[in-house]
Amino acid sequence: MQAQTPNDDRQTLVLTGASRGIGHATVKRFSAAGWRVITCSRHAFSDKCPWPMGPEDHIQVDLSDPENLGYAVQEIRKRLQPHGSRLNALVNNAGISPKGDGGARLDSLSTPMHTWRHVFQVNFFAPIMLGRGLFEELKAAEGSIVNVTSIAGSRVHPFAGTAYATSKAALASLTREMAADFGPHGVRVNAIAPGEIDTSILSPGTEKLVETIPMRRLGMPNEVAETIHFLCTSPSSYVTGGEIHINGGQHV
Ligand SMILES: NC(=O)c1ccc[n+]([C@@H]2O[C@H](COP(=O)([O-])OP(=O)(O)OC[C@H]3O[C@@H](n4cnc5c(N)ncnc54)[C@H](OP(=O)(O)O)[C@@H]3O)[C@@H](O)[C@H]2O)c1
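Numbering (the numbering used here), first residue to last: 711 to 962.
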């Protein structure tokens, strides 16, 4: 187990939604490159996690609860202190896409307002709360933020609901605003917009949709993780305010 020590000079990533899918692939990609990864999700740390980190690098937090998120930010800052209070990257990956009865799409007529607010708290407010809460640490390391948006943020999607789509559109706008505000402090802010990636968030029927995608296949979580890694490292040192589409040409 690689616990953090005062002499630890690894780069550090804070990643939300690390327990499954794209987040899981991202934690594996960054650990393989020698980063310390502080993971955040609702579940407690599991010994089954296939990377060399312990519970000291996991924060159990419910992003839908602003008070709980406030505590988590303080806890993350505390855990960064032995490392000179520096944070090299924040990846806002956790996201939810609720469905109606029987998996039905929740549109703008049918989405209950409490669902809409819940989705916005997790998908939109949590990223800005984390970005602002960890601003000093990101600034100290001239770090990078990546917000995970979606193809559904820029067009009506057959399965993703209205609350999800509008939260992702708002997150894309927020990425632009944050790039303008954080840039003068040396912090880059970008987004990635996945299309159909092979994770548990996909709906039944996606196989049919894939037939219309130019590359004729789903994307893999590790392909998304590679782009996130690119945006958090020096090969992208002059890239900020961007949104990279990872969708096999679905948007063309
Ligand atoms: N897969 C796709 O095709 C696709 C396409 C476009 C965009 N995206 C976006 O990519 C991101 C990752 O998607 P995915 O497919 O990998 O999703 P996923 O497999 O459903 O995983 C979602 C992650 O978010 C965490 N999470 C959910 N609610 C949370 C909460 N209230 N507090 C803390 N953590 C929470 C989950 O962890 P716990 O359950 O442990 O809390 C889990 O680790 C999302 O933002 C999604 O919108 C995915």
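Backbone N, C-alpha and C define an ideal beta-carbon position, used for all residues, glycine too.
Whole-angstrom C-beta distance between residue j and residue i, which should lie under 8 Å
| i | j | result |
| --- | --- | --- |
| I710 | M888 | Nothing can be reported for residue 710, as the shown portion of the chain is limited to 711 through 962. |
| A851 | L797 | 6 Å |
| C750 | L725 | 7 Å |
| G805 | P914 | That pair is no contact at about 19 Å. |
| G871 | G905 | No, G871 and G905 are not in contact; Cβ-Cβ is about 17 Å, not under 8 Å. |
| H867 | A875 | 6 Å |
| I748 | R815 | Actually they are not in contact, since the Cβ atoms of I748 and R815 sit about 35 Å apart, beyond 8 Å. |
| L723 | V783 | Contact doesn't hold; Cβ gap of about 16 Å is too wide. |
Of the residues the options, the one placed nearest residue i, counting alpha carbons only
| i | options | result |
| --- | --- | --- |
| F869 | G896, L928, P808 | P808 |
| G764 | Q784, S741, S774 | S741 |
| T736 | V962, V934, I838 | V934 |
| F834 | P931, N857, R815, L844 | N857 |
| M925 | M839, F755, L912, H961 | H961 |
| G727 | I838, N957, N803, V897 | N803 |
| W745 | G733, Q721, E785 | Q721 |
| V829 | S774, R730, A862, S860 | S774 |
Backbone CA spacing between residue i and residue j [nearest angstrom]
| i | j | result |
| --- | --- | --- |
| H768 | D811 | 34 Å |
| N778 | D772 | 6 Å |
| H955 | T885 | 14 Å |
| D908 | E847 | 33 Å |
| P822 | Q831 | 15 Å |
| D719 | H793 | 8 Å |
| A879 | Q791 | 34 Å |
| K849 | K918 | 45 Å |
| N900 | C942 | 9 Å |
| S946 | G952 | 11 Å |
| A882 | E766 | 32 Å |
| M711 | K738 | With a pLDDT of only 42 at M711, under 50, the local geometry of the prediction cannot be trusted, and the value read off the model is given with reservation. Cα-Cα distance, rounded: 15 Å. |
| S795 | R787 | 7 Å |
| A836 | H753 | 17 Å |
| I923 | S910 | 19 Å |
| S842 | A890 | The sequence as given places Arg at residue 842; Ser does not occur at that position. Their Cα atoms are separated by approximately 14 Å. |
| E921 | F755 | 38 Å |
Helix, strand or coil at residue i according to DSSP, with G and I counted as helix
| i | result |
| --- | --- |
| S854 | strand |
| T963 | Missing from the structure shown is residue 963; the chain here goes from 711 to 962 and no further. |
| A743 | coil |
| P837 | helix |
| N778 | helix |
| T876 | helix |
| T726 | strand |
| Q721 | coil |
| Q770 | strand |
| S751 | strand |
| A935 | helix |
| R898 | strand |
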